[in-house]
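Note sheet for the following structure.
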Ligand SMILES: Cc1cc2nc3c(=O)[nH]c(=O)nc-3n(C[C@H](O)[C@H](O)[C@H](O)COP(=O)(O)OP(=O)(O)OC[C@H]3O[C@@H](n4cnc5c(N)ncnc54)[C@H](O)[C@@H]3O)c2cc1C
Ligand code: SF4
Ligand code: SF4
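Residue numbers (the working numbering): 488 to 919.
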């Protein structure tokens, strides 16, 4: 359903189609309150026109804030102009992370971590659909009146179309990753104009940092944030280059993931899965495809979400859940009975593999495919698993991104790199 900013109507009742057998069908009607006259400083500001240069310039991740009148706060709120994860952790979770606690250093503040998967996976979801299921439950059980999530454009399965969903159909339509930069915060202006008071936002780290920075200005009574980890994101053009360079059939790819078995898994439209070893990727060609924002990003694990749902800290085939605070626990409690759950595990030692990968990536070394496959098999058997795999991925990406910031934005290095990331990177010897 399209939300008309000028005329929010009372016809926006959740229609609650059932999501598998497990979804609660209770509904609480959503009655929009009349729009308020402009009273706050941001009401006089104007969203930037599509395509115009953003305040963060080439570092902009297109988070969507500048597509709204909240651009008024961009200098404080933008994750690339004013990195402020530690103070925002204090506001959101009551304290910033303890850098001497290894789990907090890596995964941020949390009450609980676990591996989980849906007993009845949601067809067409990225993994088993835990994110979509939680969002649907929150709407149908009346915890929120709307959900900010991202569907795809009709003409292109990978082009993002952020929406303010008010029905479960609209949330389900947003399932599966759009593996591109996505202006998820662009519906925020609609939220305030509609008079909505209880909201769920689904998003990745840079979007959530900007959201938390303006949270107090949104006029909400309750905000829930369901995050996913995120790394190596690309523009739509960059995605095309990646698909064409890496997959045998780029035009039929419907989803892909960099998996814990050290291979990229491409899901194709006919249901087949193509696996390409990480070590065989053409890094010399692909080096430039990641967006500059993502080469300077250190919020892999979405530190400011209430609940994070990813996969990298879980054994192969399972999703990885990080419950950061009471709101996150409340969200998870809605669906626990729909999940298989097991404790997190960790095995192996990542350090040498990370140290070896740093100069190899830096020089753009690509192995022949037979050697890449062999190396993938050996590392999959002997390499890091569970939380140690997550640490492997965090270490390698933070080392690469630290070097990128140091070389391209030396004046930003001190302020932009959070203390936890500096500590993680300091374990390794980096090239100049
Ligand atoms: C760009 C991106 C990169 C990721 N990288 C990693 C990673 O490196 N390691 C890891 O452990 N997990 C990563 N994840 C998370 C993981 O791929 C799954 O999204 C997550 O486990 C949830 O799976 P699900 O089946 O529960 O999601 P689904 O039920 O399929 O729901 C997916 C949700 O993601 C939202 N979404 C889709 N695309 C975007 C986007 N571009 N920006 C913001 N929100 C979006 C949609 O609104 C939808 O609600 C990434 C996610 C994204 C979007
Ligand atoms: S990242 Fe977001 S807040 Fe920063 S300039 Fe881009 S759209 Fe604006
Ligand atoms: S990698 Fe970081 S900057 Fe890039 S889209 Fe993901 S969260 Fe945003």
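Idealized CB from N, CA, C, for every residue including glycine.
query                                                                                                                                                          : result
Taking 6 angstroms as the cut-off, is the CB of residue 565 close to at least one heavy atom of ligand 2?                                                      : yes
Who are the Cβ neighbours of residue 641 in its own chain at under 8 angstroms, not counting the five residues just before and after it?                       : none
Thinking just about the alpha-carbon of each residue, which of 539, 558, 546 and 727 is nearest to the one in residue 531?                                     : 558
Taking 6 angstroms as the cut-off, does the CB of residue 720 come closer than this to any heavy atom belonging to ligand 3?                                   : yes
Opposite residue 690 in the DSSP bridges: which residues?                                                                                                      : 714
What's the call for residue 720, buried or exposed, on a 16-neighbour Cβ count within 10 Å?                                                                    : buried
For residue 691 and residue 716, what's the separation of their Cα atoms in angstroms?                                                                         : 6 angstroms
CB of residue 534 to nearest heavy atom of ligand 2: below 6 angstroms?                                                                                        : no
Counting C-beta neighbours from all protein chains within 10 Å, is the total for residue 870 16 or more, i.e. buried, or is it exposed?                        : buried
With a floor of 3 residues, list each beta strand (DSSP E) that falls wholly inside the region 748–822, ordered by position along the chain.                   : 750–755, 760–764, 794–797 and 806–810
What is the residue span of the beta strand (DSSP E) that residue 745 lies within?                                                                             : 740–745
Which same chain residues end up closer than 7 angstroms to residue 824 when comparing Cβ atoms and leaving out the 5 residues on each side of it in sequence? : none
With residue 705 and residue 679 assumed to form a contact (beta carbons below 8 angstroms), what rounded beta-carbon distance in angstroms separates them?    : 6 angstroms
Whose C-alpha, out of 572, 663, 564 and 807, is nearest the C-alpha of residue 830?                                                                            : 807
Mapping DSSP to helix, strand and coil, what is residue 511?                                                                                                   : Per-residue confidence for residue 511 stands at a pLDDT of 34, beneath the threshold of 50, marking its modelled position as unreliable; no derived number is given.
Tell me the residue span of the alpha helix (DSSP H) that contains residue 661.                                                                                : Run containing residue 661: none; DSSP gives neither H nor E here.
Using CA atoms only, rank isn't needed, just tell me which of 728, 903 and 585 is closest to residue 784.                                                      : 903
Would you say residue 689 touches ligand 1, meaning its beta carbon is less than 6 angstroms from a heavy atom?                                                : yes
Within 10 angstroms of its Cβ, does residue 839 collect 16 or more other Cβ (buried), or is it exposed?                                                        : exposed
When the Cα atoms are used, what is the spatial distance from residue 769 to residue 627?                                                                      : 46 angstroms
Can you tell which of 867, 602 and 828 has its C-alpha closest to the C-alpha of residue 835?                                                                  : 867
Just to confirm, does residue 636 get its C-beta within under 6 angstroms of one of the non-hydrogen atoms of ligand 3?                                        : no
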